[in-house]
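Numbering (our numbering), first residue to last: 218 to 479.
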C-alpha cells in the first residue's frame, strides 16, 4: 500500500508540473514523518524527467533556515534536483507560463570542478572541489495549491524547485568570507529582503558539505561541473509580475531575475 501511495504522490506532482496547475497537498497520502517515502516520490519523477530528455546539472538545498525547519517540524534541510531547462541567464525575462506561483530568494551558488562522490567527506574536500562561487536567485515554485505545504509536500515536489538564475561574474573562494557576506534584494529598486551567509546553515559551504554527503549516500553524488544552489540568505519574496528582482551579495556581485508582465 505504501509503494502505491508513493506512486500516487509522484503522479499528482508530475501531472501538476506538466499541466501548470497546482494540486491539493499530497502529505496525507503518506505516513506521518515518512521523509524517505517523499524522497522516493521525488526520485520517481527525477527518473521520468531524465527519460524525457532533461539533463541533470546540479542540486539545490532547501530548508536551510532553522526557523523554517522548526515551522515544518524537521531538524535538517532537504534537497532537490536542478535540470538544464531550469537555468535562466542573468536578466533574461521569465514568462508567466513557466511558473505557477513563484517566489524568489537570494543564494550563493557553487560550481564544482571535482567529484564529491563518497560519504566520508570533510569541508576541505568541498573547498578543493569548488571551482568558483556566483551570486544567484532561486525562483522557487510549488505544485501544491496556495503554498499550503508541509515537509512531505515540498520534498516530493522536488524541494519546491522552479528556476534559477546565476550571476555572470564567477569568484574564486580565496578571500571570500561567505559566512559573513551580506545580501540585499531589491524589487524594482525597493528593498524587499536582507540577509547574510550565516543564515544558510551557518555558512553556505557547510550547507554544501551536508548536501554532498547526503547525495553520495542516496546514490546521486555531486560531480565535477555540477551547480549547487546552497540555500537562502534571507526571506523569500512573492513575485510580482512585470518586476525585476536584483540581489547583491558582498564579495560576489549582483544577479537579476526579470518577470514578464503577461
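All residues carry an ideal CB built from backbone N, CA and C; glycine is no exception.
Predicted, not measured: the structure shown is a model, and the values here were computed from it.
Query: Collapsed DSSP secondary structure at residue 448 in the structure displayed; Result: strand
Query: Segment contact flag, the segment 285 to 298 with the segment 413 to 431, C-beta cutoff 8 Å, min 3 pairs; Result: yes
Query: Per DSSP, cross-strand counterpart(s) of residue 240; Result: 361
Query: Span of the alpha helix (DSSP H) around residue 252; Result: 252 to 269
Query: Assumed close pair residue 403, residue 322 - CB separation to whole angstroms, cut-off 8 Å; Result: Not really, about 14 Å apart at Cβ, beyond 8 Å.
Query: CB contact flag (residue 327, residue 341, <8 Å); Result: no
Query: Buried/exposed call for residue 259, threshold 16 Cβ in 10 Å; Result: buried
Query: Of the residues 337, 370, 422, 365, the one placed nearest residue 348, counting alpha carbons only; Result: 422
Query: Residue 345 classed as buried or exposed, judged by whether at least 16 other C-beta atoms fall within 10 angstroms; Result: exposed
Query: Candidates 475, 469, 225: closest to residue 389 by CA position; Result: 469
Query: Residue from 228, 281, 278, 299 with nearest C-alpha to residue 262; Result: 228
Query: Contact under 8 Å by Cβ, residue 426 with residue 324; Result: no
Query: Cβ pair residue 313, residue 424 closer than 8 Å; Result: no
Query: Status (buried if at least 16 other CB within 10 Å, exposed otherwise) for residue 371; Result: buried
Query: Chain-order list of residues whose beta-carbon lies under 7 Å from that of residue 405 (same chain, five-residue window excluded); Result: 460, 461
Query: Sequence-distant residues of the same chain with beta carbon closer than 6 Å to residue 226, five excluded per side; Result: 243, 246, 258, 373
Query: Top-ranked residue by Cα proximity to residue 380, from 394, 234, 363, 413; Result: 234
Query: First through last residue of the beta strand (DSSP E) which encompasses residue 400; Result: 399 to 404
Query: Alpha-carbon to alpha-carbon, residue 274 and residue 440; Result: 9 Å
Query: Per DSSP, cross-strand counterpart(s) of residue 277; Result: 297, 446
Query: Nearest residue (CA-CA) to residue 445, options 354, 320, 318, 317; Result: 354
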